[in-house]
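Residue numbers (my numbering), protein chains in the order written: chain A, 4 to 102; chain B, 4 to 102.
Right under this line is the structure:
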């Protein structure tokens with residue numbers, strides 16, 4: 004099982020992840036899209052990746068705004084897996100920026 | 004523009020829509036799935052229908068639980084459009100029950 008990150012580690016991590024914020028046991032980011040269906044396409048990529056990694060974020064689609072929320076239930080908080088996925092999501096988003 | 008439903012009309016409507024609940028200016032329903040990706044496939048169908056009708060619900064995907072939340076912003080509350088879409092969502096869900 005992945006080790007839970009300390010508050011110091013979380014602070015350092017968030018400093019390197021623009022747009023991600025700490026919210027209790029979660030890290031959260033909101034992604035904006037020009038078109039509703041671009042946000043949906045982004046969510047489909049996130050979903051495929053989640054299944055592959057067996058690590059699922061909470062996803063909200065509020066019209067052209069997609070919110071992703073990550074935590075590691077089995078560790079009772081944030082782990083390296085959440086950080087790695089947050090980085091992956093940001094990379095995937097590059098494709099959809101302005102779309 | 005569609006006419007806003009009265010509270011009496013909303014009550015009558017909800018009586019005929021199992022699982023849908025009133026929450027302020029919204030009606031809300033939670034749909035359960037056996038597999039995460041079945042919920043995502045359901046959301047894709049909802050998204051296509053939303054674009055077609057130009058009426059978008061708020062969507063949350065919390066692992067195998069999908070929550071849909073409808074209102075008519077331009078009417079400041081619930082209209083026949085929300086009721087029609089809620090019925091459509093329930094029909095779409097039939098395909099995914101137990102999946």
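Ideal Cβ placement from N, Cα and C applies to all residues, glycine included. Please read all numbers here as calculations on a predicted model, not as lab measurements.
Close CB contacts of residue 17 of chain B within its chain, under the 8 angstroms cut and outside five residues either way in sequence, are with 23, 24, 25, 30 (chain order). Contact check for residue 67 of chain A and residue 88 of chain A: beta-carbon distance about 22 angstroms, past the 8 angstroms limit, so the pair fails to qualify. Listed along chain A are 61, each with a C-beta nearer than 7 angstroms to that of residue 65 of chain B.
The C-alpha of residue 52 of chain A is placed about 12 angstroms away from the C-alpha of residue 84 of chain A.
Cβ-Cβ distances below 8 angstroms link residue 78 of chain A to 4, 5, 6, 7 in the same chain, with the five nearest sequence neighbours on each side left out; the list follows chain order. Of all residues in the stretch 34-45 of chain A, the ones placed with a Cβ closer than 8 angstroms to any Cβ belonging to chain B are 39, 40, 43, in chain order. Annotated as distal: residue 81 of chain A and residue 45 of chain A, with beta-carbon spacing of 8 angstroms or more.
In the DSSP annotation of this structure, residue 92 of chain A is not part of any beta strand (DSSP E); the continuous alpha helix (DSSP H) holding it starts and ends at 83-97. Buried is the label assigned to residue 73 of chain A, since at least 16 other Cβ atoms lie within 10 Å of its Cβ. By the rule that beta-carbons nearer than 8 angstroms mark a contact, residue 78 of chain A does not touch chain B.
If you draw a straight line from the Cα of residue 58 of chain B to the Cα of residue 27 of chain A, it comes to about 33 angstroms. Assigned with DSSP and collapsed to three states, residue 68 of chain B falls in strand. DSSP places residue 36 of chain A in the coil class of the three-state scheme, outside both helix and strand.
Residue 54 of chain A and residue 21 of chain B have their alpha carbons spaced roughly 31 angstroms apart.
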